[in-house]
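Chains A and B supply the protein sequences, listed in that same order.
With the first letter of the first sequence counted as 1, position 1 gets the number 1 in the UniProt record's numbering; the numbers rise by one all the way through.
With the first letter of the second sequence counted as 1, position 169 gets the number 169 in the UniProt record's numbering; the numbers rise by one all the way through.
Cβ atoms here follow ideal geometry from the backbone N, Cα and C, with glycine treated the same way.
What follows is a single structure, written as structure tokens, with notes after it.
There are 2 protein chains.
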Amino acid sequence: MQRTTSNKMVTLLSYGKLASKGSPTVEEESKAPPTASGPVPLNTMDSHVNQQQDLQVFTVGFFLAQLLGVLCVALAGAWSGHYLGGFAWQSVPSLQFNYHPLFMVIGLVFLYGDAILVYRVMRNERKKILKLIHAGLHTLAFIFVVVALKAVFDSHNLAANPIPNMYSLHSWLGLAAVVLFSLQFVCGFVSYLFPGVSQYWRAWYLPVHVYFGVVIYVLGIGACLMGITEKLIFSLKSDYKDLPGTAVLGNILGVVLVCFGILIVYLVTTPQFKRQSLPEEENLQLTPHSPIN
Amino acid sequence: MQRTTSNKMVTLLSYGKLASKGSPTVEEESKAPPTASGPVPLNTMDSHVNQQQDLQVFTVGFFLAQLLGVLCVALAGAWSGHYLGGFAWQSVPSLQFNYHPLFMVIGLVFLYGDAILVYRVMRNERKKILKLIHAGLHTLAFIFVVVALKAVFDSHNLAANPIPNMYSLHSWLGLAAVVLFSLQFVCGFVSYLFPGVSQYWRAWYLPVHVYFGVVIYVLGIGACLMGITEKLIFSLKSDYKDLPGTAVLGNILGVVLVCFGILIVYLVTTPQFKRQSLPEEENLQLTPHSPIN
Numbered sequence: 001m002q003r004t005t006s007n008k009m010v011t012l013l014s015y016g017k018l019a020s021k022g023s024p025t026v027e028e029e030s031k032a033p034p035t036a037s038g039p040v041p042l043n044t045m046d047s048h049v050n051q052q053q054d055l056q057v058f059t060v061g062f063f064l065a066q067l068l069g070v071l072c073v074a075l076a077g078a079w080s081g082h083y084l085g086g087f088a089w090q091s092v093p094s095l096q097f098n099y100h101p102l103f104m105v106i107g108l109v110f111l112y113g114d115a116i117l118v119y120r121v122m123r124n125e126r127k128k129i130l131k132l133i134h135a136g137l138h139t140l141a142f143i144f145v146v147v148a149l150k151a152v153f154d155s156h157n158l159a160a161n162p163i164p165n166m167y168s169l170h171s172w173l174g175l176a177a178v179v180l181f182s183l184q185f186v187c188g189f190v191s192y193l194f195p196g197v198s199q200y201w202r203a204w205y206l207p208v209h210v211y212f213g214v215v216i217y218v219l220g221i222g223a224c225l226m227g228i229t230e231k232l233i234f235s236l237k238s239d240y241k242d243l244p245g246t247a248v249l250g251n252i253l254g255v256v257l258v259c260f261g262i263l264i265v266y267l268v269t270t271p272q273f274k275r276q277s278l279p280e281e282e283n284l285q286l287t288p289h290s291p292i293n
Numbered sequence: 001m002q003r004t005t006s007n008k009m010v011t012l013l014s015y016g017k018l019a020s021k022g023s024p025t026v027e028e029e030s031k032a033p034p035t036a037s038g039p040v041p042l043n044t045m046d047s048h049v050n051q052q053q054d055l056q057v058f059t060v061g062f063f064l065a066q067l068l069g070v071l072c073v074a075l076a077g078a079w080s081g082h083y084l085g086g087f088a089w090q091s092v093p094s095l096q097f098n099y100h101p102l103f104m105v106i107g108l109v110f111l112y113g114d115a116i117l118v119y120r121v122m123r124n125e126r127k128k129i130l131k132l133i134h135a136g137l138h139t140l141a142f143i144f145v146v147v148a149l150k151a152v153f154d155s156h157n158l159a160a161n162p163i164p165n166m167y168s169l170h171s172w173l174g175l176a177a178v179v180l181f182s183l184q185f186v187c188g189f190v191s192y193l194f195p196g197v198s199q200y201w202r203a204w205y206l207p208v209h210v211y212f213g214v215v216i217y218v219l220g221i222g223a224c225l226m227g228i229t230e231k232l233i234f235s236l237k238s239d240y241k242d243l244p245g246t247a248v249l250g251n252i253l254g255v256v257l258v259c260f261g262i263l264i265v266y267l268v269t270t271p272q273f274k275r276q277s278l279p280e281e282e283n284l285q286l287t288p289h290s291p292i293n
């Protein structure tokens, strides 16, 4: 079925505006589909799916999440770029380290968070496009993560007195998050972007992909919190307790990361915000058995 | 409606055994209820609800979670009781501290984790009983958390050189978890154990209670991970990188805490494991709008 141009052009803002607070829920709609005599939503031509969902809360949450996400990146930038001494590459390994927190926050938190939101934000877009944007954002996130890892390993190995790698709990759990992210990336790519993979496998893997997507995200934020703790204690030592600017900013970065994470997980797991299938997808539906709707 | 004694006596193990792998899902059952001519499950007399659900995975997950939970407590006990020097109360503030990690792991992780699982584990029990067990386990968890806080504040305040309180990211986020836990405790108690509270309020608050229940739990585990990181760096300093026994055990404790958390959240959020209403509850059902099914 061919979709209209107007449908493609529906923007995120329209979802919130067009869905009224008192509209029936998805479940109510599915039990009692609107009849010809019932009220006809205004946006029938633009959005045949989302008229059934109350997405005002989602829209507000999405914009708040973007604000918090940008704030996370800005705080991480200010923390590493100013308070921890700024940036350099291999010429000054101690400053090369500073790419690690900034790029992890950009990749594993901000871009990753937006990547897992894609299906719920661009809900009128075709699934093929959504998959490509989801994979594209994750690819970008992955590049930042790899450079962030290169920065921290270089900063350890190239130091005048080399620092051992992979001994702290932060490094164990951080690497676990990155390894799981890589596995998830490969499995997701093979399962959903390669033609010829069976519908049975795609349906079986979907809930695993969704649940571990959220697990890796939360684990990544947890690793950031441990990393901030480590860096503040290693660099400030007993001065941490006097809460100098570096400590205040690092702590605030941690708090904002947690707020961003709580909001993203809320937006991505609330069943009421789930994207509904487009008409042309309905015959192709998988039968997901998702642990998080 | 009076329930039979045999129904009350159904044990957890029976759920897994009685539910067959190939049985229809809850959704399928609700669409096509079994007719008189259809196959009659063996456990009709014992469990009129759970026969519809495949709970083998849940049962295995539950027992694995108990193993991991006990392992968390054992590792925290060995870490604080042996590697960090053992226990004392106010006479030796530095050892009084050691109650902090142990009691937080017992309260905020193990007991809290089991408390949020109650509805899915004791699924044939009446809702009133489940609420009391849920509240009872949380009360026990809360007592451990309060003693754990007393231990850390005392260990700071009573030290020969008093240590400031509440400066680290661990303390900020840990206290946030405890404050949210307290609020959740009071709101849950008033909403669901006080008679006379309106069904509308109970239904409105349920998804908030459920979502923040999981958020507080994950935040609590995150605070534990930061706490382990802090304690290892403060106590071992540059020896952390040589991974002595204290460091290995602390790191392993962190990894097991994460595994326990991932499993508990899986068991408590997977829609397929959700407790179904008992017949006598069906007329009293709230209309939950839960962000996590």
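{"Item": "Exposed unless 16 or more other CB atoms sit within 10 angstroms - verdict on B:G113", "Value": "buried"}
{"Item": "Helix, strand or coil at A:F87 according to DSSP, with G and I counted as helix", "Value": "coil"}
{"Item": "B:F273, buried or exposed, once every other Cβ within 10 Å from all chains shown has been counted against 16", "Value": "buried"}
{"Item": "CB contact below 8 angstroms: B:F58 versus chain A", "Value": "no"}
{"Item": "Closest by C-alpha distance to A:V268, when choosing among A:L169, A:L243 and A:G61", "Value": "A:G61"}
{"Item": "Cutoff 8 angstroms: A:H209 Cβ touching any chain B Cβ", "Value": "no"}
{"Item": "Test: B:K241 CB closer than 8 angstroms to a CB of chain A", "Value": "yes"}
{"Item": "Residue burial classification, B:S155 (beta-carbon count within 10 angstroms, cutoff 16)", "Value": "buried"}
{"Item": "Near-chain A residues of the stretch 220-240 of chain B - C-beta to any C-beta below 8 angstroms", "Value": "I221, G222, L225, M226, I228, T229, E230, L232, I233, F234 and Y240"}
{"Item": "Spatial distance of A:P93 from B:L193 (CA atoms)", "Value": "59 angstroms"}
{"Item": "Where the alpha helix (DSSP H) containing A:G213 begins and where it ends", "Value": "Q199 to L236"}
{"Item": "Buried or exposed by the 16-neighbour rule on C-beta atoms within 10 Å, applied to A:M226", "Value": "buried"}
{"Item": "Three-state secondary structure assigned by DSSP to A:P195", "Value": "coil"}
{"Item": "Backbone CA spacing between A:F185 and A:R202 [nearest angstrom]", "Value": "14 angstroms"}
{"Item": "Below-8 angstroms beta-carbon distance, B:H138 vs any chain A residue", "Value": "no"}
{"Item": "B:F58 versus B:R123, B:V248, B:L257 and B:G250, residue with shortest Cα-Cα distance", "Value": "B:R123"}
{"Item": "B:F142 versus B:G107 - alpha carbon distance", "Value": "6 angstroms"}
{"Item": "Cutoff 8 angstroms: B:P164 Cβ touching any chain A Cβ", "Value": "yes"}
{"Item": "Short Cβ contact (8 angstroms threshold) for A:A76 with A:L253", "Value": "yes"}
{"Item": "Exposure of residue 306 of chain A, with buried meaning 16 or more beta-carbon neighbours within 10 Å", "Value": "Past the boundaries of the shown model lies residue 306 of chain A; chain A is included only from 1 to 293, so the question cannot be answered."}
{"Item": "C-beta atoms of A:T229 and B:T229 nearer than 8 angstroms", "Value": "yes"}
{"Item": "CB-CB length for B:Y217 against A:Y211, believed under 8 angstroms", "Value": "B:Y217 to A:Y211, Cβ: 16 angstroms. No contact."}
{"Item": "8 angstroms contact criterion, which B:Y119 and B:G245 should meet: CB distance rounded", "Value": "Rounded, the Cβ-Cβ distance is 40 angstroms, inconsistent with contact."}
{"Item": "Alpha helix (DSSP H) runs contained entirely in the stretch 98-172 of chain A, provided each spans 4 or more residues", "Value": "99-104, 112-121 and 127-157"}
{"Item": "Length of the line joining the Cα atoms of B:P34 and B:E281", "Value": "Because the pLDDT at B:P34 is just 35, under 50, the model does not fix this residue reliably, and the value given afterwards should be weighed accordingly. For B:P34 and B:E281, the distance between alpha carbons rounds to 20 angstroms."}
{"Item": "Endpoints, alpha helix (DSSP H) assigned at A:L253", "Value": "G245 to T269"}
{"Item": "Pair within 8 angstroms by beta-carbon distance, B:I221 and B:V258", "Value": "yes"}
{"Item": "Min CB distance B:G254 to chain A below 8 angstroms", "Value": "yes"}
{"Item": "The stretch 85-99 of chain B contacting the stretch 153-167 of chain B, beta-carbon criterion three pairs below 8 angstroms", "Value": "yes"}
{"Item": "Integer Cβ distance of residue 333 of chain B from B:V197, believed to fall under 8 angstroms", "Value": "Lying before the first or after the last residue shown, residue 333 of chain B is absent from chain B, which here runs from 1 to 293."}
{"Item": "Terminal residues of the alpha helix (DSSP H) in which B:L71 lies", "Value": "Q56 to A78"}
{"Item": "Collapsed DSSP secondary structure at A:S94 in the structure displayed", "Value": "helix"}
{"Item": "CB-CB length for A:V109 against A:F260, believed under 8 angstroms", "Value": "7 angstroms"}
{"Item": "Members of the stretch 134-158 of chain B near chain A, C-beta cut-off 8 angstroms", "Value": "none"}
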